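UniProt numbering applies: residue 1 is where the sequence shown begins, and numbers increase by one.
Contents: one structure, followed by commentary.
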Amino acid sequence: MELTNIPHLSSSSSFFFSSCRSRRRTGKAVITALAAGSRCSADSACPEPIEQHNVDSLSVASGPANTQCYRRRGFAAVALLPFLLPHVDMASAADSYDGSIIQNGVRNVLTKVKAAGVLRLVFHDAGTFDISDKSGGMNGSIIYEADRPENAGLSKSLKILRKAKEGIDQVQQVSWADLIAVAGAEAVALCGGPEISIRLGRLDSSTADPTGKLPEETLDVVALKTSFGKKGFSTQEMVVLSGAHTIGGKGFGNPNAFDNAYFKVLLEKPRPTSSGMPIGLPTDWALTEDDECLRWIDIYAEDEDK
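Right, dumping it as structure tokens:
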């Protein structure tokens, strides 16, 4: 997998994934991120973020994390990971470095069982992004935030990535932000999901991000739309992103398979349980109470390729 570098970005730049594109390679996947907006200087006008586009069908990959390539499976899944970059001066990221070293370091520590926790870590780092002032985002601040109630259990995933970082840093220095972004893409691919494009060059925050930026598990659908809207997400993208709960222990089918089981289960009535326990989070089921969200749930439950 090739990871591309950011040779130079204007100061106070902020980026997030605006689309993911299908890539099918032999032993390689290209990692690229799309810039959604930036601020050039305090005196210049700041361009608005570009309009989000519908994500394309995405190639998928599965197989051991330490192999040179993933075995491809014959379906494509929709995924939109919020790999958000921080509101920081990125000019010092001009030095290029070998992205395959980061990727291999992650593969050495990541397994399917650990993938869901790592993917959750990615969102909890990136999910602090606020589009109004371009603050928060994928900036590695999660290492200062593990003791927050909403981040309970993430210390295990941080420990996994810390081990990877120690090995990578012996060869070349890697920011926590870049490491977490790459780890998220690897977690999805390892479970049979699409290859997520990532561009490298993020700098780490030296402090924790503000509290109260992540959506709470008890929010109703109106509050969910508001919360994700503040991060630049459309309703469609919010529904797609929620589909990441298809992996892990929330009860949506095979916990190690990145597929569209999440959307299929949401359409079951009455709400199913697993071993007597409710499946998913209240926010998952809140999506089914909104006609707009239901339209997208129906589409993705019916067609995994989308």
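Think of the CB as a built atom: it goes at the ideal place given N, C-alpha and C, for glycine as much as any other residue.
None of these values were measured; they are calculated from a predicted model.
Gly184 versus Ala177: straight-line alpha-carbon distance, rounded: 11 Å
Contact under 8 Å by Cβ, Thr283 with Leu219: Contact: yes.
Touch check for the stretch 142-150 and the stretch 184-200: three-plus C-beta pairs under 8 Å? no
Answer yes or no: do Ala164 and Gly105 have a C-beta to C-beta separation smaller than 8 Å? yes
Opposite Thr273 in the DSSP bridges: which residues? Pro278
Distance CB(Asp209)-CB(Ser155) smaller than 8 Å: Taking the C-beta atoms as reference points, Ser155 is found no nearer than 8 Å to Asp209.
Simplified DSSP assignment, three categories, for Ser175: coil
Sequence-distant residues of the same chain with beta carbon closer than 7 Å to Ile299, five excluded per side: The residues are Lys306.
Between the C-alpha atoms of Thr128 and Asp303, what's the straight-line distance to the nearest angstrom? 31 Å
Is Ser132 helix, strand or coil by DSSP? Shown here, Ser132 sits in coil according to DSSP, grouped into three states, outside any helix or strand.
Excluding five sequence neighbours on each side, which residues of the same chain lie with their C-beta closer than 8 Å to the C-beta of Trp296? Cβ within range, chain order: Thr235, Gln236, Val239, Val240.
Is the CB-CB distance between Val221 and Ala126 below 8 Å? no
Can you give me the Cβ contacts of Ala187 inside the same chain, cut-off strictly under 7 Å, excluding the 5 residues immediately before and after it? Leu110, Ala115, Val118, Leu119
Val174 vs Gln103 beta-carbon contact at 8 Å: no
What is the DSSP secondary structure of Ala146, counted as helix, strand or coil? coil
Taking its Cβ as the centre, do 16 or more other Cβ atoms sit within 10 Å of Ser134, making it buried, or is it exposed? The sequence given here has Lys at residue 134, not Ser. Looking at its Cβ environment, which holds 16 or more other Cβ atoms inside 10 Å, Lys134 is buried.
Please state if the CB of Asn260 and the CB of Gly243 are separated by a distance shorter than 8 Å. yes
From Gln172, Gly251, Ile180, Gly212, pick the residue whose C-alpha is nearest to that of Asp204; which is it? Ile180
By the 10 Å Cβ neighbour count, where 16 or more other Cβ atoms means buried, how is Ser157 classified, buried or exposed? buried
Starting from Lys250, trace the alpha helix (DSSP H) both ways and give me its first and last residue. Element bounds for Lys250: n/a, residue is neither H nor E.
Looking at C-alpha atoms only, which residue of Ser206, Tyr97, Phe252 is the closest neighbour of Gln172? Tyr97
Rounded to the nearest angstrom, how far is the Cβ of His124 from that of Leu266, given a contact under 8 Å? No, His124 and Leu266 are not in contact; Cβ-Cβ is about 22 Å, not under 8 Å.
Span of the alpha helix (DSSP H), counted from its first residue to its last, around Lys230: Run containing Lys230: none; DSSP gives neither H nor E here.
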